[in-house]
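Quick notes on the structure that follows.
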Amino acid sequence: MVARRDAVDLEAGRPSVIRVGTTFAEGTPVEIELEALRKHTVIFAGSGSGKTVLIRRLVEECALNGVSAIVLDPNNDLARLGDAWPEDPPQWAPGDAARAKDYLENTDVVVWTPRRDAGRPLTFRPLPDFSGVIDDRDEFREAVDSAVESLAPRAKLVGNAAKVHQGLAVLREALMYYAGRGATNLKGLIEVLAALPEGVSELKNAEKLAADIAENLHAAMVIDPLFGGTGTPVDPGVLLTPAKGKRARVSVINLAGLPSDGQRQGFVNQLQMALFSWIKRNPAGNRPLGGLFVMDEAQTFAPSGAMTACTHSTLALASQARKYGLGLVFATQSPKGLHNRIPGNAATQFFGLLNAPVQIEAAKELARAKGGAVADVAHLGTGEFYAALEGGGFRKVRTSLCLSHHPKSALTGDEVIERARRSLEEPEA
Ligand SMILES: Nc1ncnc2c1ncn2[C@@H]1O[C@H](COP(=O)(O)OP(=O)(O)OP(=O)(O)O)[C@@H](O)[C@H]1O
Ligand SMILES: [Mg+2]
């Protein structure tokens, strides 16, 4: 049996904290309260800065504290979270070898491979489970808005602006009607649209508009197997619940099977909608942190400027997930390219080495907005960051090396599949 670590470490009589490094000046440990991670984290750092190492150590430390994580892996460099170092790295601090052993023994690392049947595929319902939000008008409306946003591109609403406008309205009305009955499957929504029941919409052309939308959604289901879901629809509870005898689960979702940004955004939107609805039904309660959701290359999902299929659900999580105890970690090489509401919602911020002048300028601006300065951000070494922690100013820190194996090169597609299969052979939750 694994000892459960509680919200408050009774022996020490203080809140649970994780350590992610040491300060430059005094070499004292840099600690983050687990509860502070509820208010989210951003990591701004360029190539070779030590960004992946920091993301991994955050996930590992949370797992050691019994907090499970969902980690998006866009670059094949996070699927080794369950691999041991072949030998103890010299950069480890005293105690890290024991922590690594504890992490690897007691963490259930599962690698998922959407659209790769050879690995461990994952599909999602295009509609969230509305039953979790049906009693709260605001949250219900929020869930409907997210669903409209994710369905609209597939509904192919084209023509003049007025027609698009009316089509969106009908789609929304049909969803309100269908979701209000607690239904969640796309086929059912298509049936409602194909023969719009009396009273769902008062728009004059509603029936015709709805029938066209039904036709296009149907076509989208035929073309894209991830949409409308062949395969088992996945419950985020599965992603965040460790197998028996393990302390935490780390679900790495490798995105290699979804090559285009559009596919990735659509998938992440579905994941985020499911996650939002799940965390509301399963809030952290008195635990300091109920789970962690990690998004690397965040600028491709919620960029500044253009809206993507997952912008809305990303911002909804960023502004509301804290209520339910879900912590978000956003990492990007491009502070300039990230939607500004994300750093605006992140209490913990790390700034690592940046090279491009526009990114350096953007980072300095973001730091100023947070009341600090990152003057040397262009001259930091690998594993060196400015850290702005909740309740403290900016300080320079050396981050700890990760506990799981992180060689220079990322995994190949086949090596990712192999890890996904390996995790399939272990006992289920
Ligand atoms: N905290 C650290 N302690 C010791 N070594 C580190 C640390 N962080 C990074 N390194 C070293 O630097 C290398 C690069 O780090 P990492 O892979 O995290 O960079 P990155 O910013 O993710 O780069 P990329 O843009 O290539 O993905 C690591 O392989 C490791 O050798
Ligand atoms: Mg990296």
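Using full-length UniProt numbering, read the sequence shown as starting at 1 and increasing by one per residue.
C-beta: ideal position from N, C-alpha, C; glycine also.
Taking contact to mean at least 3 C-beta pairs separated by less than 8 Å, is the region 329–343 in contact with the region 291–306?
Segments in contact, yes.
Which whole-angstrom value is the C-beta distance of G50 and T382, which I expect to be below 8 Å?
Walking along the sequence shown from the start, residue 50 turns up at place 50. Walking along the sequence shown from the start, residue 382 turns up at place 382. With a Cβ gap of about 5 Å, G50 and T382 count as contacting.
Indicate whether at least one CB of chain D lies closer than 8 Å to the CB of K244.
This model lacks chain D altogether, as it is built from one protein chain only.
Local conformation of L292 per DSSP, three classes:
Within the sequence shown, numbered from 1, the residue matching residue 292 stands at position 292. Strand.
In the DSSP assignment, the alpha helix (DSSP H) including D212 goes from what residue to what residue?
For the purposes of this step, residue 212 is taken as residue 212 along the sequence shown, with counting starting at 1. It spans A206 to I223 - the alpha helix (DSSP H) in which D212 sits, taken as one unbroken run.
Selection from E215, G82, R120 and P128 that minimises the alpha carbon distance to V148
Translated into the one-based positions of the sequence shown, residue 148 becomes position 148. Among E215, G82, R120 and P128, the Cα nearest to that of V148 belongs to P128.
Taking the DSSP output, what are the residues bridged to R395?
Start at 1 with the first residue of the sequence shown, and residue 395 comes out as number 395. Bridge partners of R395: A387.
So, at 6 Å on beta carbons, what are the nonlocal neighbours of A39 in its own chain, with the 5 sequence-adjacent residues on each side left out?
Taking the sequence shown and counting its residues from 1, one reaches residue 39 at position 39. Here residue 39 is Lys; the residue named in the question, Ala, does not match the sequence. The residues are R322 and A347.
Proximity of T23 and V17 at Cβ, strictly below 8 Å
Translated into the one-based positions of the sequence shown, residue 23 becomes position 23. Translated into the one-based positions of the sequence shown, residue 17 becomes position 17. Against a cut-off of 8 Å, the Cβ pair of V17 and T23 comes out as no contact.
Which first and last residues belong to the beta strand (DSSP E) in which E35 is found?
As a working note, residue 35 is residue 35 in the sequence shown. Neither: E35 is in no beta strand (DSSP E) and is coded neither H nor E.
Please list, in chain order, all residues of the same chain as L37 whose beta carbon is under 6 Å from its beta carbon, the five residues on each side excluded.
Residue numbering aside, residue 37 sits at position 37 when the sequence shown is read from its first letter. Taken in chain order, the residues that qualify are L289 and G327.
Specify the secondary structure class of R249 as computed by DSSP and reduced to three states.
Taking the first residue of the sequence shown as position 1, residue 249 is located at position 249. DSSP places R249 in strand when its eight states are reduced to three.
Just to confirm, is the Cβ distance from residue 432 to R56 under 8 Å?
Since the first residue of the chain shown is 1 and the last is 429, residue 432 is not available in this structure.
Does any heavy atom of ligand 2 sit closer than 7 Å to the C-beta of N75?
Residue mapping note: residue 75 aligns to position 75 of the sequence shown, counting from 1. At least one heavy atom of ligand 2 is nearer than 7 Å to the Cβ of N75, so yes.
When you compare each of A420, L424 and E425 to T113 by their alpha carbons, which one comes out closest?
Mapped onto the sequence shown, residue 113 falls at position 113. Of the listed residues, the one whose Cα sits closest to T113 is A420.
Mind checking whether F385 and F350 have CB atoms under 8 Å apart?
As a first step, residue 385 is located in the sequence shown; it is residue number 385 there, counting from the start. As a first step, residue 350 is located in the sequence shown; it is residue number 350 there, counting from the start. Their beta carbons are under 8 Å apart, which means F385 touches F350 by this criterion.
Does DSSP classify D138 as helix, strand or coil?
On the sequence shown, position 138 is the one that residue 138 refers to. Reduced to three states, the DSSP call for D138 is helix.
Closer than 7 Å: K101 CB and nearest ligand 1 heavy atom
Numbered from 1 along the sequence shown, position 101 holds the residue referred to as residue 101. Shortest gap from the CB of K101 to any heavy atom of ligand 1: 7 Å or more.
Can you give the beta carbon distance from A274 to D108, rounded, assuming they're within the 8 Å contact cut?
To locate residue 274, count along the sequence shown from 1; it is residue 274. To locate residue 108, count along the sequence shown from 1; it is residue 108. Contact between A274 and D108 fails: their C-beta atoms lie close to 20 Å from each other, not under 8 Å.
Suppose contacts are defined by Cβ-Cβ distances below 8 Å. Is V416 in contact with G119 by that definition?
Locating residue 416 in the sequence shown gives position 416, where the first residue counts as 1. Locating residue 119 in the sequence shown gives position 119, where the first residue counts as 1. In contact: V416 and G119 (Cβ atoms closer than 8 Å).
Burial state of S409, where buried means 16 or more other Cβ atoms lie within 10 Å
As a position in the sequence shown, residue 409 is number 409, starting the count at 1. It counts as exposed.
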